[in-house]
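Colleague: Numbering (full-length UniProt numbering), first residue to last: 1 to 425.
1) Anyone know if the C-beta pair for residue 419 and residue 75 falls short of 8 angstroms?
2) Jot down the residue ranges of each uninterrupted alpha helix (DSSP H) in the stretch 210-297, minimum 4 residues, whole runs only, in chain order.
3) With respect to the beta strand (DSSP E) encompassing residue 79, which residues constitute its N-terminal and C-terminal limits?
4) Take residue 234 and list the residues in its own chain whose beta-carbon comes closer than 7 angstroms to its own, dropping the five residues that flank it on each side.
5) Name, in chain order, the residues that DSSP records as bridge partners for residue 308.
6) Please state whether the Cβ-Cβ distance between residue 44 and residue 69 is less than 8 angstroms.
7) What are the residues that DSSP puts in a beta bridge with residue 446?
8) Residue 253: which of 285, 206, 222, 230 sits nearest, CA to CA?
9) Give me, in chain order, the residues of the same chain whose beta-carbon lies closer than 7 angstroms to that of residue 4; leave out the 5 immediate sequence neighbours on both sides.
10) If we count the other Cβ atoms within 10 Å of its Cβ and call it buried at 16 or more, is residue 406 buried or exposed?
11) Can you tell me whether DSSP reads residue 55 as helix, strand or coil?
12) Would a C-beta distance cut-off of 8 angstroms place residue 184 and residue 228 closer than the cut-off?
13) Given a cut-off of 8 angstroms on the beta-carbon distance, is the pair residue 142 and residue 274 in contact?
14) Taking C-beta to C-beta, are residue 386 and residue 416 nearer than 8 angstroms?
15) Within 10 angstroms of its Cβ, does residue 165 collect 16 or more other Cβ (buried), or is it exposed?
16) Let me know if residue 77 comes out buried or exposed under the rule of 16 or more other beta-carbons within 10 Å of its beta-carbon.
17) Note the first and the last residue of the continuous alpha helix (DSSP H) segment covering residue 26.
18) Short check: CB of residue 413 to CB of residue 361, under 8 angstroms?
19) Pull up the distance between the alpha-carbon of residue 436 and that of residue 136, whole angstroms please.
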């Protein structure tokens, strides 16, 4: 479908029906209807980015995709309604449509206000740490304690996307058919929250024909929120393990493998048991039922979650409780911590603490033995895996950045372990 227009022009050039001069260095994209009209296709943006990198200087696309094509700098985009229009243009007998106006940025949507969440000191702190370091987060608590509210507020703490990141995200949305018609480029970090009934293809990508990106790729450089995570099929959740580690997802087909970026922050929310009463002492579930419920989250998946927090019951909150810090105040600390991490890691190609490989943490930036003693003790006791120790170390570096210190001390390592081990106990 993408190459209908190119194939038609190629045949006509070979038959000497169209002069080839204006087609040199021109990318041709579009599906041809039986009456010669040009229909829009998915993935115009990534196709033109690749065409530009290959040396193309012009592009002819369906008129409906012209705003999308105009997002690509360095390539002259034209829009056509039909094959006849393109033939007339190639023969020098008419002009094609051009995008009118400068490229726009999508209007930023105000993020929900963090100060609206009352209480939940540990959860708010975990949210700040997650945003500052790019860490994954699990919140466990009964319904109505603010798990979804907090998850929706993470993106308000994250830095804006730069142009390259925004273009990459727009290219993913283009392939998925989610870009829209405005041609505006959004610099807001995405928030994607699929329902627990979503299929493996909807979450990870796939589908019939060309493999389309799933929720993990649509959440690239943003937040993937899985509510009621024990209700997700274990096979679907375990499919997250590779993108969580590698920042990309690979979808295999008979004719090859498609790779989509998937560097997201995972935020999980769960009730502590199936009955989920407002107060834990009112739970009617047997202990084995509670264990079975939470065991739907596999050990390897939980091992990749850096922060775990138990939500306070609503009855423990005081109506007169003082309003917490607002989004702008917390975001300033997050951005300062991110800047400190960039200054430390950028020469190595990493942008936040969550991206730093464990061996690099241990060899290039080693901490004194007395500082990492709590990690060593848990490793010896078998209470912590090597991966878990690396992730706790990354959180300790994030806590250090938030505190404005040069490197973590033992207290920050203990705090990192608290959020990993006892926060959801």
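Heads up, the beta-carbon is just placed ideally off N, CA and C, and yes, glycines get one too.
Modeller: According to the data block:
1) Stepping through the chain shown from its first residue, residue 419 is reached at position 419. Stepping through the chain shown from its first residue, residue 75 is reached at position 75. No.
2) 215-218, 234-238, 241-246, 287-294
3) Along the chain shown, read from residue 1 onward, the residue named residue 79 stands at position 79. It spans 76-80 - the beta strand (DSSP E) in which residue 79 sits, taken as one unbroken run.
4) Taking the first residue of the chain shown as 1, we reach residue 234 at position 234. 296, 298, listed in sequence order.
5) Translated into positions along the chain shown, residue 308 becomes position 308. 138.
6) Your numbering for residue 44 matches position 44 in the chain shown. Your numbering for residue 69 matches position 69 in the chain shown. Yes; because the gap between Cβ atoms is below 8 angstroms, this pair is in contact.
7) Nothing about residue 446 can be read from this structure; the chain reaches only from 1 to 425.
8) The residue labelled residue 253 in the question sits at position 253 within the chain shown. It is 206.
9) For this step, residue 4 is matched to residue 4 along the chain shown. Closer than 7 angstroms at the Cβ level, and outside the excluded window around residue 4, lie 30, 31, 32.
10) Position 406 of the chain shown, counted from the start, is the residue given in the question as residue 406. Exposed.
11) In the chain shown, counting from the first residue as 1, residue 55 sits at position 55. Coil.
12) Here residue 184 is taken as the residue at index 184 of the chain shown, counted from 1. Here residue 228 is taken as the residue at index 228 of the chain shown, counted from 1. Their beta carbons are not under 8 angstroms apart, which means residue 184 does not touch residue 228 by this criterion.
13) As a first step, residue 142 must be located in the chain shown, where it is residue number 142. As a first step, residue 274 must be located in the chain shown, where it is residue number 274. For residue 142 and residue 274, no; Cβs fall outside 8 angstroms.
14) Mapped onto the chain shown, residue 386 falls at position 386. Mapped onto the chain shown, residue 416 falls at position 416. No.
15) The sequence position of residue 165 within the chain shown is 165, counting from 1. Under this definition residue 165 is a buried residue.
16) Position 77 of the chain shown, counted from the first residue, corresponds to residue 77. Answer is buried; the Cβ neighbour count reaches 16.
17) Counting from 1 along the chain shown, the entry for residue 26 is found at position 26. Careful: residue 26 lies outside any alpha helix (DSSP H), inside the beta strand (DSSP E) at 26-28.
18) If you number the chain shown from 1, residue 413 lands on position 413. If you number the chain shown from 1, residue 361 lands on position 361. For residue 413 and residue 361, no; Cβs fall outside 8 angstroms.
19) One cannot answer for residue 436 here, as it falls past the ends of the chain, which runs 1 to 425.
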